[in-house]
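Scroll down for the structure; my scribbles are underneath it.
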Amino acid sequence: MKSENDIKLGKKIQKLRKNVHLTQEQLAEKLKLSTKYVQFIESGDRKPSLKTIYKVARALNVRVQELFPF
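Each residue of the sequence shown is one higher than the one before, starting from 165 at the first, in our numbering.
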């Protein structure tokens, strides 16, 4: 079951990804994850592990704290 925070995290990742002009496919490739998994994260359907959160932040050139606006 998705929580409000899962949805917020997904939307934040999606916004940051678009800001750096990456597609979901390109982000997935950088993270060594499937495109479907990136879609699940962005929609709030999956909760990424701490390791994945660090990888996302690195791929988007942001600090981990910037992923959590809540």
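Built from N, CA and C at the ideal position, the CB exists for glycine as well.
Worksheet item: Out of Asn225, Ile171, Ile217 and Thr216, which has the shortest C-alpha to C-alpha gap to leucine 186?
Response: With respect to the C-alpha of leucine 186, the residue from Asn225, Ile171, Ile217 and Thr216 having the closest C-alpha is Asn225.
Worksheet entry | Whole-number beta carbon distance between lysine 176 and leucine 231, since they are thought to touch under 8 Å | Right, the Cβ-Cβ distance comes to about 6 Å (below 8 Å), so this counts as a contact.
Practice prompt. Would you kindly work out how many angstroms separate the C-alpha atoms of leucine 197 and glutamate 206, rounded to a whole number?
Written response: Rounded to the nearest angstrom, the two C-alpha atoms are 13 Å apart.
Worksheet entry | Cα-Cα separation, lysine 194 to arginine 181 | The alpha-carbon atoms of lysine 194 and arginine 181 are separated by roughly 12 Å.
Worksheet entry | Coarse secondary structure for threonine 187, derived from DSSP in three states | Note: threonine 187 maps to coil in three-state DSSP.
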